[in-house]
Structures are given as structure tokens and as C-alpha cells.
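Visitor:
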Amino acid sequence: MTTITARASRGALGRRLRGERLAHYALLAPALLLSFAIVLVPAVATAITAFTDWNGISSSPAFVGIENFQEILADGLFWKALQHNVIWTVLFLTVPVVLGMGTAVLLLTRRRSRSVYQVIFLLPYVLAAVTNALVWLNIIYNPIAGVVGYLKDQGLAIESPLANLDTALYGVAAVDMWHYWGFLTVVYLAALRQTPAEQVEAATLDGVNAWQLFRYVYLPHIRSTVALMFVMIVIFSFLAFDYVYLLTQGGPAHSTEMLSTYAYTFAFATFQFGKAAAVGLVMGLFGLIASFVYTFVSRKGFDA
Amino acid sequence: MTFRISARWVALPLAALAVTAVSGCSSPGDDASGRAPLEMWFWGAPAAHQEALQQNLVEAFNASQDEYELSVTFDPDVDANIQTALAAGEGPDIVYGSGPAFVAPYAQEGKLVDMDEYAEEYGWKDRILAPMYESGTVDGSLYALPNSVNTLGIFYNQAVLDEHGWTVPTTIDELVEIMDEAQEAGLYSSVTGNSGWQPVNENYASLFMTAVAGPDKIEAALTGTGSWTDPAILDAVETSRDWYQKGYLGGDDYTSLNFTQSMQLLADGQSPFFIGPTLAFQFATDYFNDEAGNTDDLGFTSFPTIGEGLASPLYTLGTTASFSINAASESPDGAAEVIDFMMSQDFMETMTAEWPGYWGVPLSGVQLDPTEFDGLSADYVATLNEMFASVDAGSFGYFTATFFPPQTQQDWINIDSVWNDVEDPEAFLQQMQSDFDEELAAGAVPPIPAQG
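Those sequence lines, one after another, are chains A and B. Using numbering that gives the first Met the number 0, read the first sequence as starting at 0 and increasing by one per residue. Using numbering that gives the first Met the number 0, read the second sequence as starting at 0 and increasing by one per residue.
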């Protein structure tokens, strides 16, 4: 009798577990389906397209091997765009990171007002890119009616940075960094606040200065966040498109050409989707490398 | 007390949700009134112009028959969205295109309807200016009709000219002299710019090809009987570079100005000229109008030729957009009816009165009476009449967006690399020749109407 009861109990348990497992799969299904449909399928399609001469319309593209890659690698504009993406990455790994981290550290001591500051700093990030771009184009960089125009009227020999081949890239990056650094501030502040208060108090009682407090108490605790943001910045930098397209479309004279605008022109101006996909793969490669580095470092542990 | 969700009650709704999400919408079919829906996408024109199109096309067409119900969606990214939709076998019934050069790849892939039968039914071939009709053909069949001719010339502010004792230039020397004096007077020589739209560059590439190299050289290059490295075309590129560097194209602000701002500066008396396409008439209405009391100040004249032996005036022939029929349309007959509705003198007159610059429908033998139009529309109509006569006589230049294959067109858009000394003109044209040879071999060059 005991055996029968135990078996019945195990059977009920098994059914319940199977039911729960089914529920878990069902709950997971929408996310998996979405990921499959909008991430995996396009990614595989892009990878395949990169080896074809698809014009974006044809239903029977021809396989061209590595021809698309050979052609873009032989194109000086590709290397120019790549160089711009590297500069962009370096800029984003320094300027907004330093600004965001510095501001986050300062906000740590503003217990009552930091929420207000966070909202203010985050505003450009939550506004649409097209809104930010129009504000900068018409109110800041405009040489007739904007801030640049006003300074010109005051007798300063100044021009819109977007008009000069040497400064256009930095002019565009400045707008994108302006929109992005507040986000970093909020992320870093959230991470910094996870640092145990007793450790901060102990270090303070030991008489450390501000730099030592940051370097030896806060930084070890936020290292994983810093590393994650590092990877995200590298990925986003090689995908940068919206502000470049909205502000300069890669001009003047390709001075702000990025891999994304380079690919966009292939796809939507000259009907060379195969080449555009090849450029897309190269763009993704850099993000992939950054992701591998992140995964490798994560596995080893950030404290190691 | 614990609450346990039964797997069945979770799985079923989620499965239903997933099926609903991936199944999409059902076919639209006829609307409640029994009319078949017709859809057209159009660029994101200013509100007043959208209203004009809504009233004079959508409402007028829907009132003219009881079989179809037309609707128009205004979309700032219409070019890219149309391409994506067509590639997917979707999209609107009436396909708005950025020009005939856009049409060929889609026609060759069977994404657009061969409109030869409709052309015969509606008599389009006889009604449309021959070069414009031809520009919409692919392998001899009609796939697109242009909504309007577009040419390049000089908008001028008569008040500024009068103030400085200048007259409307009729020769290139007169034009250059005024522009130099304007610079000395602290004005822009002329205003224009490509802010927000890099392809503006091709306006000036086209302009200098016509005015310096001349249509014969360009026709030869486009048909493969000549070369893009021809000295006359090289001269055109170098002249455009010189003009850019001398500040004749928007001064230092070419990359910061767009057509709207340029027109505003012209109206404000900051420049005597705005060198640009006739489609810019549509932007002029905001700054030259009866309310401002300066409607009569705006004038338009042809751009004088520069090349030796070239006749003047010489108009660069182009189109603002084109209309085709989507092969996936369930109502191609209705779409053809809408296109025919637009290819009429009535529609041209109505739209030109309210939206000058964008609806110079290329109707053969039509000469509108400028005195029947008010304000800027009268100027635009006068320009159209001159241009139509010139095209009918077989004398016209070739606009890149209308007659050039995609990669060659893109190369011309990149002419600012020459203007900024990033690339030398010879290398620029050699690359052009190389790209063009590939496109010619691939059959990507649109039909090139011959000179008369």
C-alpha cells in the first residue's frame, strides 16, 4: 500500500513537473520566437546575402563567393569609413565615459537632488534622435540663425563644424555624445550605489582621498558594469548611423562617412544589397570581437 | 495559500497570441462603400501642399468615379520604404519613384506593371513629351510616367538687383560679375546648399554638364559612344569646382543650407540669386507672397551656357518624380486611372496654381497662359512654356537623377569630393567611366532620348 501511494505520489509529482516545464516553455516561447524571427533569421540572411550579387529585388541572386568583400576591401572609401568608426569608438570610450563617471561620482554625494539631475541628464537620451539632430542643426550649428550664426554676427571667425572636412566628424560625434553621456551617468550611478556603505565609511575613516576612494572602493564594485558598457559602446560605435545620417549623411566629401552610411548607400542608392550585407558583416565583426572579450573576461571574473 | 498556473491555461492563450502575431492582417478587399481601395505613398510634403494634393487628387478622383477609393500616405522616407515594400512584393498600388533611373531594376525584376496597354488605352504616348515618355520605358515598354518636368536655372530677387543697379544676367560674364560684386557688398553670391540631402550636389553636376560640356557630349557618354573622361566633361567638373571654391554656390554655407533656408535668404535680400531647380518654386511660396508684399520680386531665368558654341538658353531636362503601378496591386486598372487623372491639363493647372514647381506635367503641345495664374505660379508657368518648347525642339540637357544609371548617378552626387580637393577631377571621371561601363554592360542605363 505504501509503495502504491509512493508511486502515485511520484506520478503526480512527475505530471506537475512536466506541467510546470510546459508552462516555462510556453512563457519562453514568445521571446524565443521573436528572437528567431527578428534576430537569427535576418542575421543568417545577411550573412548569405553578403556572398551574392543580390540587388534587393531579384528573387534569384547569383552566388559570387568573396567578390563583395574583395571589392569593398579594395575601395579606399571603405578604409576611410572604417577609420572614422575607429575614431568614433575611441571618442565614445573616453569623452562620455569620463563625463558620465565623473558626474555619477559627484551625484553620489547629492542624496536629495540626484534624482532631479538624473532626469535632466537623461532627457537628451530619451528624446528622438531626429529631434536632437534638428535642435543641433537649427539652433546650435546653424550659421544664419543658430548659436554659430550669433557668434559670427559678434565678429568671431567661426563656421559650423559640420561644414569643415576636418571637424565634421567631431561635430557629429559631439551631438551623439551629448545625447549619450547622461545615460552612462545613470548607469554608473546605479552601479556605484551598490557599493556597501560600510566599506565606504571604513575607507573614509582610514583617511583615503577622493581618488583613492574611487579607485580602491568603488571601482572594484562597478568593474562588471564598466566592462559591459565598454562592450556596448564598441558595438554601438560600429553600428553608429542615426546621427550621422540625420546631420551630414556622410558628407561633406565623405568626411563623416561611416561603415553604416557606406552600406546604406550600397543598399538604397545603387541597389547593391550584397555589398551592403558584406559591409554589415564587417560591422558586426567588431561587435562580436568585443563580445568575446567581454565573455572571456566575465568568465575569469572581474575581480581577478 | 498558493496559486498555481495550469500549463494548459498558459500555453493556449500564448499559442493563440503567437499565431495572431505572425499571421498578419487579412486582405483589405473592398471597403464598406463597395469601392476597391487604391493606395499611393508620397513624400512628406509641407502641410499646405499635402492639403492641395488631398483635395485636387484624392477627393477629386474619388468624386470622379464610383469604382475605386484612393488614399495617399505622406512619408518622409518614401524612397527607402517603397524599395523595401516592393522587394517584399508589397507596397502601394501606385508606386512613387524618385525618377526613371529608379524604375529599371524594379521593372526588370517584374515588380512593376508593364503599362503599354494603358498607354494605348489612354493615349499617353501622344500626350506626353517624347523624351519624358521615353525616360519611363525599360526595354521598349512603359513602366513609369513622370509627374513633372524639372529644370535648373536662376531664381533672382528683383528688389536686390534694383537696389544695386544690376540687371537680370543673360550671359555668364554678366552673372559672374554680379556675383563678384555681391560678395564685395557683403552678400552671398548665390544661395543654395545640400544640408539634409546630399543628392542636391547632382543639381550642380547636371547644370555644369549642360552648360559647359553640352548635351551632345553627355548623350555620347550616356550611350557609350563617347567617354566621361572627355575634355569637355572634365572642363565641366573643373568649372563646378572653381565655382564652389569661389563661393558661387552658397559661399561657405553650402553644407549648412537647404533649399528652404536658401529661399528665405533670397527673400531677405541676403543674395541676388538662388541657383537651383524649378521644383524650388514650391519652397518660394512661403517667403515670396502677397502677405509679405514681395511676390513680384521673385523671378526665374535660365542659366547661361558657358561652353563654346553652345546655344543659350539650354534647359537641363529632368523629372521630380515618377509614377508606376505595383505588380502586386489588386487594382492595376484603378492605379492606371489615377495616373491618367494626373496626366491631364486640368490637374496640371489646378495643382500648379496651388503648388507651383512640382506639377509641371510633361504634356506635349500644351502652353499654359501665365496671365491665368497668380503669384509665383505665373512665373513657373512661363518657365514651363519656354522649357516645353525647347524640349519639343529636341534641345535639352540630361539630369542625372532622370537619365543616369544608379552608380553613375551616385558618383556625380559625390562630386563634392572634387569641390573640396579630396579627389582630382581626372581620377573622379576615370572612376565614373569604370562604373558606367559596368552599368552599361549590365543594361542598367535608362533610355537616352536623342537631341533633335
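Just so you know, even glycine gets a beta-carbon here, dropped at the ideal spot from N, CA and C.
1) May I ask you to list, following chain order, the residues of the region 187-204 of chain B that have a beta carbon less than 8 Å from some beta carbon of chain D?
2) Considering only their Cβ atoms, is the gap separating tryptophan 358 (chain B) from serine 147 (chain B) smaller than 7 Å?
3) Along the beta strand (DSSP E) that carries methionine 39 (chain B), what are the first and last residues, could you check?
4) Over what stretch of residues does the alpha helix (DSSP H) that includes leucine 188 (chain A) continue unbroken?
5) For glutamine 493 (chain B), tell me which candidate among B:Asp76, B:Phe427 and B:Ala392 has the shortest Cα-Cα distance.
6) Label threonine 264 (chain A) either buried or exposed according to how many other C-beta atoms from any shown protein chain fall within 10 Å of its C-beta, with 16 as the threshold for buried.
7) Please report the straight-line C-alpha distance between alanine 20 (chain B) and isoleucine 37 (chain A), rounded to a whole angstrom.
8) Sorted by chain position, which residues of the same chain lie with C-beta nearer than 6 Å to alanine 275 (chain A)'s C-beta, five sequence neighbours on each side aside?
9) Look up glutamate 68 (chain B) in the DSSP assignment and say whether it is helix, strand or coil.
10) Can you find a CB in chain B that lies within less than 7 Å of the CB of serine 236 (chain A)?
11) Comparing alpha-carbon positions, which option in B:Gly43, B:Ser343 and B:Ile81 lies nearest leucine 111 (chain B)?
12) When you compare the CB positions of valine 421 (chain B) and alanine 252 (chain A), do they come within less than 7 Å of one another, or not?
13) With distances taken between CB atoms, is the gap from isoleucine 234 (chain A) to phenylalanine 91 (chain A) smaller than 7 Å?
14) Quick check: valine 380 (chain B) and phenylalanine 372 (chain B), are their CB atoms within less than 7 Å of each other?
15) Any idea which residues DSSP pairs leucine 27 (chain A) with across the strands?
16) Aspartate 415 (chain B) versus chain A: which residues are under 9 Å apart at the beta carbon?
17) Using 7 Å as the limit for Cβ to Cβ distance, is glutamate 425 (chain B) near chain A?
18) Our contact map puts alanine 129 (chain B) next to valine 102 (chain B) with C-beta atoms below 8 Å; I'd like the distance itself, whole angstroms only.
19) Using only the alpha-carbon positions, how far apart do leucine 223 (chain A) and leucine 212 (chain A) sit?
20) Quick check: what's the CA-CA separation for methionine 228 (chain A) versus glutamine 248 (chain A)?
21) How about glutamate 256 (chain A): is its C-beta nearer than 7 Å to some C-beta of chain B?
22) Report the neighbours of glutamine 260 (chain B) on chain A: residues whose CB is nearer than 7 Å to its CB, in chain order.
23) With a 10 Å radius around its C-beta and 16 neighbouring C-beta atoms as the bar for buried, classify leucine 375 (chain B) as buried or exposed.
24) For glutamine 193 (chain A), count neighbouring C-beta atoms within 10 Å of its own C-beta (all shown protein chains included) and say buried if the count is 16 or more, exposed if not.
25) Is it true that the region 159-176 of chain B meets the region 333-344 of chain B, where meeting means three or more beta-carbon pairs spaced less than 8 Å apart?
26) So which residues of chain B does glycine 55 (chain A) contact, with C-beta pairs closer than 7 Å?
27) At which residue ranges does the region 70-125 of chain B contain complete alpha helix (DSSP H) runs of 4 or more residues, listed in the order of the chain?
28) Please list, in chain order, the chain A residues whose beta carbon lies closer than 9 Å to that of threonine 319 (chain B).
29) Helix, strand or coil, according to DSSP, for proline 123 (chain A) in the structure here?
30) What is the rounded straight-line gap between the Cα of phenylalanine 62 (chain A) and the Cα of threonine 51 (chain A)?
31) Excluding the 5 residues preceding and the 5 following serine 328 (chain B) in the sequence, name in chain order all residues of the same chain whose CB lies nearer than 6 Å to its CB.
32) Ordered along the chain, which non-local residues of its own chain (more than five positions away) have a Cβ less than 8 Å from that of alanine 352 (chain B)?
33) Nearest-angstrom Cα distance between leucine 284 (chain A) and phenylalanine 41 (chain B)?
34) For a cutoff of 7 Å on Cβ pairs, would you count alanine 127 (chain A) as touching chain B?
35) Report the three-state DSSP secondary structure of proline 145 (chain B) (helix, strand or coil).
36) State the DSSP-derived secondary structure class of isoleucine 143 (chain A), mapped to helix, strand or coil.
Guide: In brief:
1) Absent from the structure: chain D. Protein chains present are A and B.
2) Here residue 147 (chain B) refers to the residue found at position 148 when the second sequence is read from its first residue. Here residue 358 (chain B) refers to the residue found at position 359 when the second sequence is read from its first residue. Closer than 7 Å, so yes.
3) Counting from 1 along the second sequence, the entry for residue 39 (chain B) is found at position 40. Under the DSSP assignment, methionine 39 (chain B) falls in the beta strand (DSSP E) whose first and last residues are 35-42.
4) Within the first sequence, residue 188 (chain A) is the residue found at index 189, counting from 1. Looking at the DSSP string, the run of the alpha helix (DSSP H) that includes leucine 188 (chain A) is 167-191.
5) Given a span of 0 to 451 for chain B in the structure shown, any question on residue 493 (chain B) remains unanswerable.
6) On the first sequence, position 265 is the one that residue 264 (chain A) refers to. Threonine 264 (chain A) should be labelled buried.
7) As a position in the second sequence, residue 20 (chain B) is number 21, starting the count at 1. As a position in the first sequence, residue 37 (chain A) is number 38, starting the count at 1. For alanine 20 (chain B), the pLDDT reaches just 39, beneath the cut-off of 50, and the residue's location in the model is therefore unreliable, although a value from the coordinates is still provided. In a straight line, the C-alpha of alanine 20 (chain B) is about 13 Å away from that of isoleucine 37 (chain A).
8) For this step, residue 275 (chain A) is matched to residue 276 along the first sequence. Only Ala262, Phe265 and Ala266 meet the Cβ criterion.
9) Translated into positions along the second sequence, residue 68 (chain B) becomes position 69. Here glutamate 68 (chain B) sits in strand by DSSP.
10) Counting from 1 along the first sequence, the entry for residue 236 (chain A) is found at position 237. Answer no: the Cβ-Cβ gap between serine 236 (chain A) and chain B never drops below 7 Å.
11) For the purposes of this step, residue 111 (chain B) is identified with residue 112 of the second sequence, where counting begins at 1. If we check each option's Cα against that of leucine 111 (chain B), B:Ile81 comes out closest.
12) Residue mapping note: residue 421 (chain B) aligns to position 422 of the second sequence, counting from 1. Residue mapping note: residue 252 (chain A) aligns to position 253 of the first sequence, counting from 1. Taking 7 Å as the Cβ cut-off, valine 421 (chain B) and alanine 252 (chain A) qualify as a contacting pair.
13) Indexing the first sequence from 1 puts residue 234 (chain A) at position 235. Indexing the first sequence from 1 puts residue 91 (chain A) at position 92. Not closer than 7 Å, so no.
14) Your numbering for residue 380 (chain B) matches position 381 in the second sequence. Your numbering for residue 372 (chain B) matches position 373 in the second sequence. Yes, the Cβ-Cβ distance between valine 380 (chain B) and phenylalanine 372 (chain B) is below 7 Å.
15) Mapped onto the first sequence, residue 27 (chain A) falls at position 28. Paired residue(s): none; leucine 27 (chain A) is not in a bridge.
16) Residue mapping note: residue 415 (chain B) aligns to position 416 of the second sequence, counting from 1. Within 9 Å Cβ-Cβ: Gly250, Pro251, Ala252 and His253.
17) Within the second sequence, residue 425 (chain B) is the residue found at index 426, counting from 1. Judged by the 7 Å Cβ criterion, glutamate 425 (chain B) is not in contact with chain A.
18) Indexing the second sequence from 1 puts residue 129 (chain B) at position 130. Indexing the second sequence from 1 puts residue 102 (chain B) at position 103. No, alanine 129 (chain B) and valine 102 (chain B) are not in contact; Cβ-Cβ is about 17 Å, not under 8 Å.
19) For the purposes of this step, residue 223 (chain A) is taken as the residue at position 224 of the first sequence. For the purposes of this step, residue 212 (chain A) is taken as the residue at position 213 of the first sequence. In the sequence as presented, leucine is not what sits at residue 223 (chain A); that position holds serine. Roughly 18 Å separates the two Cα atoms.
20) On the first sequence, position 229 is the one that residue 228 (chain A) refers to. On the first sequence, position 249 is the one that residue 248 (chain A) refers to. C-alpha of methionine 228 (chain A) to C-alpha of glutamine 248 (chain A): approximately 27 Å in a straight line.
21) Against the first sequence, residue 256 (chain A) aligns to sequence position 257. It does not: the Cβ of glutamate 256 (chain A) has no partner Cβ on chain B nearer than 7 Å.
22) As a working mapping, residue 260 (chain B) is identified with position 261 in the second sequence. The contacting residues are Ile143.
23) Residue mapping note: residue 375 (chain B) aligns to position 376 of the second sequence, counting from 1. In this structure leucine 375 (chain B) is buried. Its beta-carbon is surrounded by 16 or more other beta-carbon atoms within 10 angstroms.
24) Stepping through the first sequence from its first residue, residue 193 (chain A) is reached at position 194. It counts as exposed.
25) no
26) Here residue 55 (chain A) is taken as the residue at index 56 of the first sequence, counted from 1. Going along chain B in sequence order, the residues near glycine 55 (chain A) (Cβ under 7 Å) are Gln82 and Ala86.
27) Given a length threshold of 4 residues, each whole run of the alpha helix (DSSP H) inside the region 70-125 of chain B is given here in chain order: 77-86, 99-107 and 115-121.
28) Taking the first residue of the second sequence as 1, we reach residue 319 (chain B) at position 320. Correct list: empty, because the minimum Cβ distance to chain A is about 18 Å.
29) Taking the first sequence and counting its residues from 1, the one referred to as residue 123 (chain A) is at position 124. Here proline 123 (chain A) sits in helix by DSSP.
30) Within the first sequence, the letter at position 63 stands for residue 62 (chain A). Within the first sequence, the letter at position 52 stands for residue 51 (chain A). Whole-angstrom Cα-Cα distance: 4 Å.
31) For this step, residue 328 (chain B) is matched to residue 329 along the second sequence. Here the set comprises Asp92 and Ala334.
32) Against the second sequence, residue 352 (chain B) aligns to sequence position 353. Excluding positions up to five away in sequence, the list reads Phe372, Asp373 and Ser376.
33) What you label residue 284 (chain A) is simply residue 285 of the first sequence in a count that begins at 1. What you label residue 41 (chain B) is simply residue 42 of the second sequence in a count that begins at 1. Cα to Cα, leucine 284 (chain A) sits roughly 37 Å from phenylalanine 41 (chain B).
34) Residue mapping note: residue 127 (chain A) aligns to position 128 of the first sequence, counting from 1. False, the Cβ-Cβ gap to chain B never drops below 7 Å.
35) For the purposes of this step, residue 145 (chain B) is identified with residue 146 of the second sequence, where counting begins at 1. Proline 145 (chain B): strand per DSSP, three-state reduction.
36) Position 144 of the first sequence holds residue 143 (chain A). The answer is coil: DSSP assigns isoleucine 143 (chain A) none of H, G, I, E or B.
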